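Notes follow the structure.
2 protein chains.
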Amino acid sequence: MTPRPYVSRARAAAAEARRQAVIEAAAAFMRANPMTVFSLESVAAAAGVTRLTVYKQFGSRGGLLEAVFDVLARNGRLGRIADVVTDPDPREGLMRLAEVFCDFWSGDAAVGRLHDAMATDPDLARALSERNERRRRAVAALLERMQLPATAGQRRDAADLIFALTSYPMFRLLSGGRSAAGACALIKAACSDALDRLTARPPAGRASGTHWH
Amino acid sequence: MTPRPYVSRARAAAAEARRQAVIEAAAAFMRANPMTVFSLESVAAAAGVTRLTVYKQFGSRGGLLEAVFDVLARNGRLGRIADVVTDPDPREGLMRLAEVFCDFWSGDAAVGRLHDAMATDPDLARALSERNERRRRAVAALLERMQLPATAGQRRDAADLIFALTSYPMFRLLSGGRSAAGACALIKAACSDALDRLTARPPAGRASGTHWH
DNA sequence: ATTTGAGTATACGGCTTGTAATTCTAAAAA
DNA sequence: TTTTTAGAATTACAAGCCGTATACTCAAAT
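Shown next, in the form of structure tokens:
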């Protein structure tokens, strides 16, 4: 009973097409419904396949969510990050970085839903956190290129602050009753302030001397 | 068969004691475990009661979570907010406000777990959002008292930015690899910068003229 | 024509949140 | 002290998840 060679071209293509259909159906479902009603049964029905097919394709609920995030990142033009980190003017690059991510956070509602799912899916949380670290490294690289008169600790503080300012939770908090452009302007202003703190001011700033118990 | 009057003193007291025990058991469970394994069965067992007792006391899972949040807010010394909004120096009051909330976010790990639960529990999300609006109003009140040379829109932007800076997501993002005191210092510095933008700078700041598509 | 693989159908087990009916227990009233 | 009564425990049930296992279908590759 030695298995004979079998390479399926059309079958693999059809499977890949169905896989993409399931991913798109999941993304569409996430755009239209809160994450509390997201279930494999629902997306399977929306994609016209069975729940078992989803399992065969993605292994688990978390696997499907990670696959959805991958296409979201691909469609979200996050490839621009490579451009902005090499911007001749690092400061301008940082502003463009903020714009790229505001664009990403506001472009597809499914992105926010995925962030909600992080609370219930530890695997997805790790995957997204890892992706976010790329943003932190991009910010740090831009800061390094700015030749700032600051200690390593101050640079790290600034990088972490800008990392947080350009995060999805920050964007969501500022998006209440405000356009995406307005939220982006606020975020860029705050990032700019964080940079000014490192350049124009004395090492011990106005509020850094206060106590905290 | 007209029921005769019956007012239970000791029984009601015992019920209230059990209620508090359930709340404390839930908080302890949340401190020790991630929210993904939180179930009424677990907390009921930890509290030494039955799951049905939890339902009789709190009505639902969300009801229990809201009750937990109430005692957390009570223990978290959030009553200091009333003091800081009436601080003679509004700017100092804002710094104290940031400290009060950094204290709250870092004081009990259950607070963070409750924020995680917001993603799965819409009722809890509404309840916590409503509480958070109190913070926004406190920030706005302090800003009003500062007599800033700014338009209403600029004040609203600053209030929203400071509201976001003092939120739990911001604190969590800045707490990675940093002490609570360090995160608080960063947050206060950012808040201070947001105020400086309204006072010392021209109405059109350095980064506010950039575009966003 | 026969093997092969992907999808389907069906079923099960385990865990959740809720609800319902019944019984037990101890405190309050007579 | 005896009876009434509220609260909790017990048991059971319905529905919805996720995840897995087995057998079956059917089109594609050999």
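If you're matching them up, the sequences are chains A and B in order.
Going by the numbering used here, the residue at position 55 of the first sequence is 55; the numbering climbs one at a time, nothing skipped.
Going by the numbering used here, the residue at position 133 of the second sequence is 1133; the numbering climbs one at a time, nothing skipped.
Even glycine gets a Cβ: it sits at the ideal position worked out from N, Cα and C.
Just so we're clear, the structure is a prediction, and the values are computed from it rather than from any experiment.
Please list, in chain order, all residues of the same chain as residue i whose beta carbon is under 7 angstroms from its beta carbon, the five residues on each side excluded.
{"i": "A/G182", "result": "none"}
{"i": "B/A1025", "result": "V1043, A1046 and A1047"}
{"i": "B/E1099", "result": "C1184"}
{"i": "B/Q1154", "result": "L1198"}
{"i": "B/T1151", "result": "none"}
DSSP three-state label for residue i, please.
{"i": "B/V1071", "result": "helix"}
{"i": "B/A1119", "result": "coil"}
{"i": "B/Q1147", "result": "coil"}
{"i": "A/S167", "result": "coil"}
{"i": "A/F101", "result": "helix"}
{"i": "B/G1079", "result": "coil"}
{"i": "B/P1034", "result": "coil"}
{"i": "B/S1008", "result": "coil"}
{"i": "B/G1059", "result": "coil"}
{"i": "B/V1111", "result": "helix"}
{"i": "B/R1218", "result": "Because chain B is modelled from 1001 through 1213, residue 1218 of chain B falls outside the range shown and cannot be assessed."}
{"i": "A/T199", "result": "helix"}
{"i": "A/G209", "result": "In this prediction, A/G209 has a pLDDT of 39, which is less than 50 and means its spatial position is unreliable; what the coordinates show is noted afterwards. A/G209: coil per DSSP, three-state reduction."}
{"i": "B/G1093", "result": "helix"}
{"i": "B/T1086", "result": "coil"}
{"i": "B/R1178", "result": "coil"}
{"i": "A/S215", "result": "There is no way to answer for residue 215 of chain A, as the model of chain A reaches only from 1 to 213."}
{"i": "B/G1048", "result": "coil"}
{"i": "B/L1142", "result": "helix"}
{"i": "A/A17", "result": "helix"}
Among residues of its own chain, excluding the 5 on either side of residue i, which ones have a beta-carbon nearer than 8 angstroms to its beta-carbon?
{"i": "B/R1134", "result": "I1081"}
{"i": "B/L1128", "result": "F1069, L1114, H1115 and M1118"}
{"i": "B/A1027", "result": "V1068, V1071, L1072, D1108 and A1110"}
{"i": "B/P1034", "result": "R1113 and D1116"}
{"i": "A/A194", "result": "A158, L161, I162 and L165"}
{"i": "A/A21", "result": "A47, G48 and V49"}
{"i": "B/R1136", "result": "A1159, D1160 and F1163"}
For residue i, I'd like the list of residues in its chain whose CB is within less than 6 angstroms of its CB, leaving aside the five on either flank, ordered along the chain.
{"i": "B/R1019", "result": "Q1057"}
{"i": "B/L1165", "result": "I1187, A1190 and C1191"}
{"i": "B/D1196", "result": "none"}
{"i": "A/V84", "result": "G93, R96 and L97"}
{"i": "B/S1106", "result": "A1180"}
{"i": "A/A175", "result": "As written in the sequence, residue 175 of chain A is Ser, which differs from the Ala given in the question. Answer for A/S175: A183, listed in chain order."}
Any heavy atom of the ligand NAP closer than 7 angstroms to the beta-carbon of residue i?
{"i": "B/D1089", "result": "The ligand NAP is not part of this structure, which contains no ligands at all."}
Contacting positions in the stretch 112 to 131 of chain A - beta carbon closer than 9 angstroms to chain B: Listed by position along the chain: H115, D116, A117, M118, A119, T120, D121 and P122.
Counting only Cβ-Cβ distances shorter than 8 angstroms, please list the residues of the stretch 1023 to 1038 of chain B near chain A, keeping chain order. Going along the stretch 1023 to 1038 of chain B in chain order, one finds P1034, M1035 and T1036 with a Cβ nearer than 8 angstroms to chain A.
For the stretch 144 to 156 of chain A and the stretch 64 to 74 of chain A, state whether three or more C-beta atom pairs, one from each stretch, are separated by less than 8 angstroms. Too few Cβ pairs lie closer than 8 angstroms, so no.
Relative to chain A, which residues along the stretch 1140 to 1161 of chain B have a C-beta separation below 7 angstroms, given in chain order? Within the stretch 1140 to 1161 of chain B, the residues whose Cβ lies closer than 7 angstroms to some Cβ of chain A are D1157, D1160 and L1161, listed in chain order.
Give me the subset of the stretch 186 to 200 of chain A whose CB atoms are less than 8 angstroms from a CB atom of chain B, sorted by chain position. Considering only beta carbons, the part of the stretch 186 to 200 of chain A lying closer than 8 angstroms to chain B consists of L186, K188, A189, A190, C191, S192, D193, A194, D196 and R197, in chain order.
Return the residues of the stretch 67 to 97 of chain A that lie within a Cβ-Cβ distance of less than 8 angstroms from chain B, sorted by chain order. Cβ contacts with chain B come from M95.
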